[in-house]
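Colleague: What follows is a structure written as structure tokens; I'll ask about it next.
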Amino acid sequence: DTAVSQTPKYLVTQMGNDKSIKCEQNLGHDTMYWYKQDSKKFLKIMFSYNNKELIINETVPNRFSPKSPDKAHLNLHINSLELGDSAVYFCASSQDRWQGVGELFFGEGSRLTVL
Amino acid sequence: AQTVTQSQPEMSVQEAETVTLSCTYDTSESDYYLFWYKQPPSRQMILVIRQEAYKQQNATENRFSVNFQKAAKSFSLKISDSQLGDAAMYFCAFGEPDSNYQLIWGAGTKLIIKP
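The listed protein sequences correspond, in order, to chains A and B.
Per the working numbering, the first sequence starts with residue 1, numbered consecutively.
Per the working numbering, the second sequence starts with residue 116, numbered consecutively.
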């Protein structure tokens, strides 16, 4: 039974399109995250929600909008996709409010390719 | 600014041998948390080992152990009896109260296991 699951695992789309990635965790955690991993494997935090409250909102284009309908779900919507948005997007969750204290549990990632 | 440096972009080791991955970090805090995460080719990131800075004893998890040198701000990961399944990207990260425990990630080290 997958702890943190993301869908879809792969997206290939054209520039200018809008796409969404969904994430669900069944660990009972209060905090969820979106990370972006670029082609050089560098990880960057994008957003974090604690019990549906946005607690980390890094400097990302406002074309990226997270939404947490409940504490088990965190979705990422991207408008007007650009070539530079191509990356692997990881969802994660943690029991702790802060990512740098306890263990992070990651999903398998969603590879987005913008043509 | 807080930084995490992994000076080895790639390491290789013979199966059954021991390998050490290096990590240094910069902080003025005395209390913080350090992590090593593993990302196999399947992409899902998993926690390998965690160290609390106030604990002098080095953390160990089976074949994985750390050499935590607080004064030198060094946190290296030793993998004993390397196995083919250890092949992955390894990321060092730390979280400290000064930045609300936001994780600071290293650039990663790719570990290759030679059969």
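Every residue, glycine too, gets a C-beta built ideally from N, C-alpha and C.
1) Please name the residues in the region 93-106 of chain A whose beta-carbon is closer than 9 Å to at least one beta-carbon of chain B, in chain order.
2) When burial is assigned at 16 or more other CB atoms within 10 Å of the CB, is THR224 (chain B) buried or exposed?
3) In chain order, what residues of the same chain have a beta carbon less than 6 Å from the beta carbon of GLU176 (chain B), not counting five sequence neighbours either side?
4) In angstroms with no decimal places, state the Cα-to-Cα distance between GLY210 (chain B) and THR7 (chain A).
5) With three or more C-beta pairs closer than 8 Å as the rule, is the region 131-145 of chain B touching the region 187-201 of chain B?
6) How about the region 61-71 of chain A and the region 94-112 of chain A: do they share at least three Cβ pairs that are nearer than 8 Å?
7) So, at 6 Å on beta carbons, what are the nonlocal neighbours of ALA131 (chain B) in its own chain, with the 5 sequence-adjacent residues on each side left out?
8) Which same chain residues end up closer than 6 Å to SER68 (chain A) when comparing Cβ atoms and leaving out the 5 residues on each side of it in sequence?
9) Under the assumption that LYS19 (chain A) contacts ILE78 (chain A) (Cβ atoms under 8 Å), give the Cβ distance between them as a whole number of angstroms.
10) Taking the Cβ atom as the reference point for each residue, do TYR147 (chain B) and ALA174 (chain B) lie within a distance shorter than 7 Å?
11) Using the beta-carbon of each residue, which ones in chain B are nearer than 7 Å to LYS19 (chain A)?
12) DSSP state of LEU192 (chain B), grouped into three classes?
13) Please list, in chain order, all residues of the same chain as ASP96 (chain A) whose beta carbon is under 8 Å from its beta carbon, the five residues on each side excluded.
14) Leaving out five residues on either side along the sequence, give the residues of the same chain with a beta carbon under 7 Å from the beta carbon of ASN57 (chain A).
15) Does the beta carbon of GLU16 (chain A) sit closer than 7 Å to a beta carbon anywhere in chain B?
16) Quick one: grab the DSSP three-state call for PRO8 (chain A).
Modeller: Once the coordinates are examined:
1) Cβ contacts with chain B come from ASP96, ARG97, TRP98, GLN99, GLY100, VAL101, GLY102, GLU103, LEU104, PHE105 and PHE106.
2) Buried is the label assigned to THR224 (chain B), since at least 16 other Cβ atoms lie within 10 Å of its Cβ.
3) Once the five neighbours on either side are set aside, the close Cβ partners of GLU176 (chain B) are ILE164.
4) Each residue's alpha carbon lies about 29 Å from the other.
5) Yes, the region 187-201 of chain B is in contact with the region 131-145 of chain B.
6) With fewer than three CB-CB distances shorter than 8 Å, the region 61-71 of chain A does not count as touching the region 94-112 of chain A.
7) If we look at ALA131 (chain B) and ignore the five residues flanking it on each side, its Cβ neighbours are ASP196.
8) Excluding sequence positions up to five before and after SER68 (chain A), its CB lies within less than 6 Å of the CB of TYR49, LYS52 and LEU74, all in the same chain and listed in chain order.
9) Their Cβ separation, rounded to whole angstroms, is 5 Å, which keeps LYS19 (chain A) and ILE78 (chain A) in contact under 8 Å.
10) It is not a contact, given that the beta carbons lie outside the stated cut-off.
11) Going along chain B, no residue has its Cβ under 7 Å from LYS19 (chain A), so there is no contact; the nearest lies around 19 Å.
12) Annotated three-state conformation of LEU192 (chain B) is strand, per DSSP.
13) Closer than 8 Å at Cβ, skipping near neighbours: THR31 and GLY102.
14) Apart from the 5 residues on each side of it in sequence, ASN57 (chain A) sits with its Cβ closer than 7 Å to the Cβ of PHE47 in its chain, given in chain order.
15) Residue identity differs from the one stated: residue 16 (chain A) is Gly in this sequence, not Glu. Closer than 7 Å: no.
16) In this structure, PRO8 (chain A) counts as coil in the three-state DSSP scheme.
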